[in-house]
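One structure is given below, encoded as structure tokens.
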Amino acid sequence: MSENRGSIKKKKIGVYICHCGGNISDYVDVEAVKDAVRDHPGVSLVKTTMFTCSDSSQVSMVEDIRENGLDAMVVASCSPKLHLMTFRDVARRAGLNPYNYIQVNIREQSSWAHSDHPAEATDKAIHLVKAGIEKARRLGDLNPMEIEAVNRAVVVGAGISGMRAALELAGMGTEVFLVEKEPFVGGHTSQWGKVFQGEARGDEIVERLYNEVRTRENITLFTGAGVTAVKGNVGNFEVTLTLQPRGVKERLTEEEFAEAVQACPESVEDAFNFGLMRRKALYDRGDRSFPALQAIDFGACTQCGKCLEAAHGKIDLEQPEETITVQAGAILVNTGFDPYEPEKGEFGYGEIEEVITLPQLERLMELQPGKLVWKDKEIRHIAFIYCVGSRQPEGKNTYCSRYCCTAAVHAALRLGENYPGIKTFHLHKGMRTYGKQEVLYDEASRNGNVFLQFAEGTQPEVRKNGQGVEVRLHDLLTLGKEIEIHPDLVVLVTGMTARNDPGLVKTLKLPVGADGFFNEVHMKLRPVETVMDGIYISGTCQGPKNITETMTSSLAATAKANALISKGTISLEPNLAVIDEEKCVWCGKCDEICTYGAIEKVKKGDKEVARVINAACKGCGACLPVCPEDAIELLGYTNEEIFSMIDAIAEEIRFKEKHKVEEEVATPAATDEDWHIKVEKLDEKSKKILRTLQEEPRAVPEIAGETGIPVKEVMYRLMSLRKYGYVKDTNEINEDEYYTYALSDMST
Amino acid sequence: MAKVNPDFSETLKDYGAFDLTACYNCGTCTAVCTLSDEENSIPRKMVRYGVLGLEEEIQSSVDPWLCYYCGECSTSCPRQAGPGELMMSLRRYLTASYDWTGLSRRFYTSKIWEIAAIMLLSALILVLFLLFHGPMTTELTPQGGVQLNTFAPWKRIETGDWIMAGILSFFLLSNIFRMYRKIFHGPQKIRVPFRLFFTQLWELIFHFLTQWRFSKSTRTTRIGRKELKISPYWVSHWLLMSGYVLLFTMIVVFLEWFQTDIIHPWWHPQRLLGYYATFGLAFGLIFFVYGRIRRDQENNKHSHYTDWTFLVLLSGTVITGILVHIFRISGLPYATYYTYVLHLMILFPMLMIEVPFSKWSHLAYRPFAVYFNGVRNAALKIKK
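Protein chains in written order, with the numbering used here: chain A, 1 to 748; chain B, 1001 to 1384.
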């Protein structure tokens, strides 16, 4: 019996049972619930209310608490997801510790779930409320925890999202460490010419952001740097940055640079141009170098020293790698995406010369402003194949990359403007130029660009054809006919994939989805927060986005981070794990299971014990069941609270026997005469249906056939007849495999 | 396998299509088309073929000939892609593609070619008259009419008629044979039981004489508050067509009877038939010329220069024809002779260019298309 469990702390509990306007009281007999718990130990007040969440109810609850000196409160209504905070607030307003409030869910868990069994629903509600009361009796006062927060943020990734975030945070007075992996900022946006919507070029956007970043005194930019370790917790992270040497100390003049590059014997594929050309180990990005200081790619450099002479001492090949550690209240992750790299042979990529990707085409257009030439041939016809690496029928990238349809259409428009005479074919499986981007699609389709659509689950085929290339597809827009195109260039409209950076994922301990992108806590309600308090995600590291969407999410993360750390302290939920240091023997199992890194090993006298880092603990309770010593308790869900609830629920039999409503239904009250009187009151069609069942059980189609009532109508009439006890399931099927129904036992 | 010709939409612009690539495949055109059915879905399919440049598919289609350009599709098109005008330009394109001489393509795509050809043929007539005309007598017949048969003996003219008819038939029939090859031996090969070519023959004759499909095509027209069930386009066209066939027959087959120096009384069949034919032609011409000038309907808004060439030549022929008649019975010899030469100088190039190579070829292609379509659909039905 529950009286044996732990210590009783609360003796004056107020219980409120909600009708929810009928949502609950139509099925659960709320008055019966009230009667059943009235005399429960510890209960000093029970009320039923029509809408407990209404303003007037809340006001009277506050009065009840104050006048009666209640020390705990139970509301039996809807899900705590809906109104836990509402009633905690009521408690707070009445001067009660808000954690002395218990919400019992008798709507989703009882009235709605068991609307066809009202008596049992009432019974269940009583047990749930009693369990709530038992828990309430054992509640201790809890208080939210306050921890200190450093008003400084580390922003990982200096693409457009990272730079935007850094600028906003700096503007709100937060000191920012902006960390970029590459020697130059800007990410993929710096690779693009004109980007869709508006007239701006990608590199111009980067340049503007970068120039602004440089003017801010409270932003420190690290290029060639990575986050290699994160310790601590929300409000006080200890972030280790590893700074790669740049090799160039001072900007080389154009002559020096040209000479030094000439001297450099090492060349690698130029990733900035997506492998369209090669570059040396000493390199920059031309007028898109932000900062405008050249760099040495030490991955390619052999430190042969041939560049040194031309550089006049401005190059230092011996620069060491450095490590620094900074304290930060929040971390904003803006690490961006990788363009999908088609597999060798995917639509002929890597095997047929004329097949390139959309990012490559973008670079090609930047590199060849006057005339578009590919492999010595002027390009006149281009076939774009959409959804390469997105919406894959087979493969892991089942998502839509959002930006590529519009990017391809926009590329086609610019092709038309810059290289008159080029004609493009767009092989898509449903255009997704959503929102205002639709006007671009409209413009493109008006301008003579031809759109063809292949069916979901099919793919166009790309084949070598003599000197050229041919593309075939079954075009849904041409009666599914097989169409053959002979373009000069095939452009694969590749999507976005998550950055391949397992090191960072591990360091940040952020969960990633099956698609490899970082996961937010809640897609709609908490779209930039992660399960790690104080670590935010924004931009394309979270999932495909266009530039506008990237900026929006970046600003959202900024606002969240600033709200968190700018006040100096952070308030945390008190539902934490606590460790009984007497019982603990440090086996480390709790540390292993904790995904938040909230367990640390400390010395306690002469033994080692586990301790919970309060700021990191989420109160998930994962450590409790793995502790072999049962040394861990979860505040708000202590063993004694939970066991007392189980006890209350387990008292089922006694309640059932006592329960009035249950008795009425269980005893067949209806006699033969009653039955006929009741049936007489039914409408004609229902009577007709009952008559067909007099001989033997029948299935719905049979009843419909005999009565001439449409099947649908028979169905719902039968269901209501069953609900009110006239008809019952036989749980048998007829020869056509339909369930059959019979007259209920009441009729006999 | 259908091969795309990326430059086809440009080509088609020469034949009159304007903005077909604006099409976004909604299918409204086909939905509103009164002539579209399960067997021949028009015009969206043709628009799509045009956008992609599937030339083989287009050339093997009869669909463009099954459209009579009521213009409903163009009016309803949400993108103003002009599906009706596209069908019109496809008919021009098909005429050119059936023609093995290549002249049709020249005439449709180059004004210079067309005008030069007209000039050349007119000059030929002039030269022939200069060389072979009879005496230009001013002596009138006892009835007071001009002795036209002295200046232009019907026997000689008839010889010329027969030569011309032979040439026209040769070109037209050889092109129809090519049309047949393209339709039945194109990308979709259909095995057609030979008998179907006979059992469906009635369609050819029936549609040649009535343009029955046309009568079902055009939307009903309002005159004041009253809604006409009969299409004025079809009526005007039928009057014009019947007048033309009548006259052509009288000129080629019954010239001796038609080009006579006798002035018959007004009720004489020779005069009545001539007047009817003239009325039919004139009525039709006025209706169509007026429409193309007003440009108030979808189907007369977009005139290709070949449309005007045809109408101008035909009008010239009719007007000079009427004048010859008036001058002859009024006893004005020189006026009669010069107008007669002028009449033939217009008539001859009109027939030689328009019938086998240009707009007037539809007098054969349209009924043949309906006929071939009937044969093909019957064959497909048997296959099923």
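Beta carbons are placed, not taken as given, at the ideal position from N, Cα and C, and that holds for glycine.
Proximity of B/Ala1335 to chain A, defined by a Cβ-Cβ separation below 8 Å, is not satisfied. With a threshold of 8 Å between beta carbons, A/His426 makes no contact with chain B. Residue environment: A/Asp580 is assigned as exposed (fewer than 16 neighbouring CB atoms within 10 Å of its CB, all protein chains considered). The C-beta of B/Tyr1049 has 16 or more other C-beta atoms within 10 Å across all chains shown, which makes the residue buried. Distance from B/Lys1003 to A/Glu484 at the Cβ level is roughly 5 Å; contact confirmed, criterion being Cβ atoms closer than 8 Å.
A Cβ-Cβ distance of about 15 Å is found for the pair A/Ser79 and A/Val28, leaving them out of contact under the 8 Å criterion. Between the alpha carbons of A/Pro502 and A/Ala330 lies a gap of roughly 21 Å.
Neighbours of B/Lys1045 across chain A, judged by C-beta separation under 9 Å: Thr478 and Leu479.
For B/His1304, same chain residues with a beta-carbon under 6 Å away, outside a window of 5 residues either side, are Gly1016 in chain order. Residue contact with chain A for B/Ser1061: absent (no Cβ-Cβ distance below 8 Å to any residue of chain A). The beta carbon of B/Asn1377 does not come within 8 Å of any beta carbon belonging to chain A, so the residue lies off that interface. Cβ-Cβ separation between A/Phe425 and A/Ala383: approximately 5 Å, consistent with a contact (criterion under 8 Å). Cα atoms of A/Ala704 and A/Tyr741: separation of roughly 13 Å, rounded to the nearest angstrom. For A/Gln103, the enclosing beta strand (DSSP E) begins and ends at Tyr101 to Asn105.
By the Cβ-count criterion, B/Trp1267 is exposed, with fewer than 16 other Cβ atoms from all chains shown falling within 10 Å of its own Cβ. According to the DSSP assignment, A/Lys423 belongs to the beta strand (DSSP E) that extends over Lys423 to His428. Neighbourhood of B/Thr1021 in chain A, by CB distance below 8 Å: Ser445, Arg446, Asn447, Gly448, Asn449 and Val450, in chain order.
Residue-level contact check: B/Met1001 touches chain A, since one or more beta carbons of chain A fall below 8 Å from its beta carbon. At a cut-off of 8 Å between beta carbons, B/Val1324 makes no contact with chain A. Comparing C-alpha distances from A/Thr433 to each of A/Tyr724, A/Lys545 and A/Thr189 shows the shortest one belongs to A/Lys545. For A/Gln360, the enclosing alpha helix (DSSP H) starts and ends at Leu358 to Leu367. In the structure shown, A/Asn465 adopts extended strand secondary structure according to DSSP, grouped into three states. Between the alpha carbons of A/Arg463 and A/Arg472 lies a gap of roughly 8 Å. If you ignore the 5 residues before and after A/Glu256, its C-beta comes within less than 8 Å of the C-beta of Ala310, Ala311, His312 and Lys314, all in its own chain and listed in chain order. In the structure shown, A/Gln459 falls within a coil segment according to DSSP collapsed to helix, strand and coil.
Contacts between B/Tyr1024 and chain A, judged by CB atoms closer than 7 Å, involve Ser445 in chain order. For A/His381, the neighbours in chain B by C-beta distance under 7 Å run, in chain order, Pro1006. In the three-state DSSP reduction, A/Glu238 falls in the strand class (E or B). Not flagged as an interface residue toward chain B: A/Glu378, since no C-beta distance is shorter than 8 Å.
Closest in C-alpha terms to A/Gly516, from the list A/Lys506, A/Leu96, A/Lys524 and A/Asp745, comes A/Lys506. Contact of B/Ser1009 with chain A is assigned, a C-beta pair being separated by under 8 Å.
C-alpha of A/Leu221 to C-alpha of A/Phe177: approximately 6 Å in a straight line. Classified as buried, A/Gly132 has 16 or more neighbouring CB atoms from the shown chains inside 10 Å of its CB.
Not a single CB atom of chain A sits nearer than 8 Å to the CB of B/Leu1380. Of all residues in the region 1342-1361 of chain B, none is placed with a Cβ closer than 7 Å to any Cβ belonging to chain A.
At a cut-off of 8 Å between C-beta atoms, A/Ile485 counts as an interface residue with respect to chain B.
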